[in-house]
Amino acid sequence: MPYTRAYLIEGVPFMQLNPRHLGLLSWFIFLMCATFSVQAANIDNLRISHDKQKTRLVFDFDSALPTYKSFSLNNPYRLVLDIDNTRFSGQPQWEQIKASILEDIRIGEQPNGKLRVVFDLEEPAKVHIFSLKPQQQYGHRLVIDIIAKKQQNVPKDPAQATMPTKQMNMGNILQGHRDVVVVIDPGHGGKDPGATGPKGTREKDVVLSIAKQLHDKLNQLPGVKAVLTRHTDNYLYLRQRLNIARRHKADLFVSIHADAFKHPRARGASVFALSQRGATSEAARWLAEKENYSELGGIDLSDKDQLLRSVLLDLSQTSTINASLHLGGFILQKMSDFAHLHKDKVEQAQFMVLKSPDIPSILVETGFISNPQEEKNLTNSKYQQRLASAIADGVHRYFLRYPPPGTRYAMRKKAAANG
Ligand SMILES: [Zn+2]
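Every number in the working numbering is 1 more than the matching position in the sequence shown, counting from 1.
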């Protein structure tokens, strides 16, 4: 099932919800519209002000407030506000946003008439939302106060506090800013050799060698900590690979493979991200497994109802796929400098190892081991190094552009912006 890609401000793509849920939601909207009024409300102004303690956003409505709901998401920290039957014709004040705790505001009108506003926050915050009746020159207003919790550095989720990697990372924390964690996954291993080349080269050996070089290159970058799912020729189940990424609180997951095809002429490298279809089936599995609820970016989903849980999962997964596509694009671009590309854009498929709902994940097919020339390339140490460098460069560019909050990359980006 293809997912609908909508829009929007400043070129930030905003993914729509899964059509299944849209169906359910639009039923509610339909009932509401039938009961009340078909006339959509309009927000004609969004005012933003801030002081040291808080950032205040005021949405000015041209009529009485429709129903709305909000929820927050972690990793990165976001506040999501859904307002029923509303349009937005205002102009956010970007210069005010820049100076506040807000990193970005994305406003999306959805096909069912709902307005979704996503606030990207630099850090977790306390949020108060309330409405105001018309008064003096002002009409109906919806007010959001975002209060920074800077002093409280204690992790909210007790599970997070006891993660073993938390301690392992301590040595790398610079001025309270952590390293980004990249989990590298050499495909196959042990009893599973993967594909085999005409000269007998085994995929599991080639990808381990490339992965190790990538591991070294990434660890040389300041602010990056790389972790391998396997260091030797051992066998790992697919879910074990995902669990390793989760245990290390990975910011990115990169699986390394080599392709094979019955035609020896097939050639070129490619990069895959998860398809929405694969995401949907995995989301269903997650929803069915109660113990997974608390794992989603540290949010406790157990007290949310089924519909909201699925909306949260969808939001998380679509933004994860989106991030994976960005990352894959950077890597393809770097690889195109020296390697033949099988496809020049990131492909999407239902690979099991890419199914973490909250960790951007890609699978790099480094080339066709079944192609005699590429088999030769893939076993050549210089070529392996170039591949590793290209992937490391792509990862680095990705983090420069999209630094996870609280990391040294985020600190650098902020310093550059203020500089
Ligand atoms: Zn493979």
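Even for Gly, the Cβ is constructed at its ideal location relative to N, Cα and C. Here the structure is a predicted model, which means the values were calculated and not measured.
{"Check": "Given Asp217 as reference, the closest of Phe400, Ser390, Ala251 once Cα atoms are compared", "Outcome": "Ser390"}
{"Check": "Residues near Thr408 by beta carbon distance below 8 Å, same chain, minus five either side", "Outcome": "His178, Arg179, Asp180, Val181, Gly224, Asp252, Phe400"}
{"Check": "Contacting residues, own chain, Cβ-Cβ under 6 Å from Ala65 (five flanking each side not counted)", "Outcome": "His141"}
{"Check": "Close beta carbons around His341, own chain, < 6 Å, minus the five adjacent residues each side", "Outcome": "Arg268, Gly269"}
{"Check": "Delimiting residues of the alpha helix (DSSP H) encompassing Gly395", "Outcome": "382-402"}
{"Check": "Ala261 beta carbon less than 8 Å from that of Ile370", "Outcome": "yes"}
{"Check": "Closer than 5 Å to ligand 3: residues, by C-beta to nearest heavy atom, in chain order", "Outcome": "Because ligand 3 does not appear in the structure shown, any question about it cannot be addressed here, the ligands present being ligand 1."}
{"Check": "Beta-carbon spacing of Val208, Ile363 below 8 Å", "Outcome": "no"}
{"Check": "Beta-carbon proximity check, Leu215 vs Ala393, cutoff 8 Å", "Outcome": "yes"}
{"Check": "Beta strand (DSSP E) segment containing Tyr139, residue limits", "Outcome": "Neither: Tyr139 is in no beta strand (DSSP E) and is coded neither H nor E."}
{"Check": "Counted within 10 angstroms of its Cβ, other Cβ atoms place Gln241 as buried (16 or more) or exposed", "Outcome": "exposed"}
{"Check": "Under the three-state DSSP convention, the category Ser295 falls into", "Outcome": "Its pLDDT being 46, under 50, Ser295 is placed unreliably in this model, and the coordinates cannot settle the point."}
{"Check": "Alpha-carbon spacing of Arg231 relative to Asp206, whole angstroms", "Outcome": "12 Å"}
{"Check": "Contact set for Ser210: own chain, Cβ-Cβ below 7 Å, skip 5 residues either direction", "Outcome": "Gln385"}
{"Check": "Stretch pair the region 310-317 + the region 343-355: three plus CB contacts closer than 8 Å", "Outcome": "no"}
{"Check": "Exposure label - Tyr78; buried when at least 16 CB within 10 Å", "Outcome": "buried"}
{"Check": "Contact under 8 Å by Cβ, Val128 with Ile102", "Outcome": "no"}
{"Check": "CB-CB length for Asn372 against Pro265, believed under 8 Å", "Outcome": "6 Å"}
{"Check": "Top-ranked residue by Cα proximity to His258, from Ile332, Arg310, Lys70, Ser271", "Outcome": "Ser271"}
{"Check": "Beta-carbon proximity list for Ile245, same chain, < 7 Å, skipping 5 on both sides", "Outcome": "Val184, Thr230"}
{"Check": "Val144 to Arg247 span [Cα, whole Å]", "Outcome": "37 Å"}
{"Check": "Pro405 vs Glu124 beta-carbon contact at 8 Å", "Outcome": "no"}
{"Check": "Closest residue to Gly279 among Leu222, Thr319, Gly201, Leu308 (Cα-Cα distance)", "Outcome": "Thr319"}
{"Check": "Neighbourhood of Ala149 by C-beta, 6 Å cutoff - its chain only, sequence neighbours within 5 removed", "Outcome": "Ile102, Ala126"}
{"Check": "For Val347, the nearest candidate out of Asp359, Ala411, Gly329 (CA to CA)", "Outcome": "Gly329"}
{"Check": "Per-residue DSSP class, three states only, for Arg79", "Outcome": "strand"}
{"Check": "Cβ-Cβ separation, Ala41 to Asn113 (assumed contact under 8 Å), whole Å", "Outcome": "That pair is no contact at about 11 Å."}
{"Check": "Gly198 to Thr56 span [Cα, whole Å]", "Outcome": "59 Å"}
{"Check": "For Ser311 and Leu222, the rounded distance between their alpha carbons", "Outcome": "37 Å"}
{"Check": "Buried or exposed (CB count within 10 angstroms, at least 16 for buried), Arg203", "Outcome": "buried"}
{"Check": "Sequence-distant residues of its chain with Cβ nearer than 7 Å to Phe89 (five each side left out)", "Outcome": "Ile44, Ile108, Glu110, Leu116"}
{"Check": "Cβ pair Phe339, Arg398 closer than 8 Å", "Outcome": "no"}
{"Check": "DSSP beta-bridge partners of Thr87", "Outcome": "Ala42"}
{"Check": "Three-state secondary structure (DSSP) of Gly191", "Outcome": "coil"}
{"Check": "Cβ-Cβ separation, Asp234 to Gly188 (assumed contact under 8 Å), whole Å", "Outcome": "Incorrect: roughly 12 Å between the Cβ atoms, too far for contact."}
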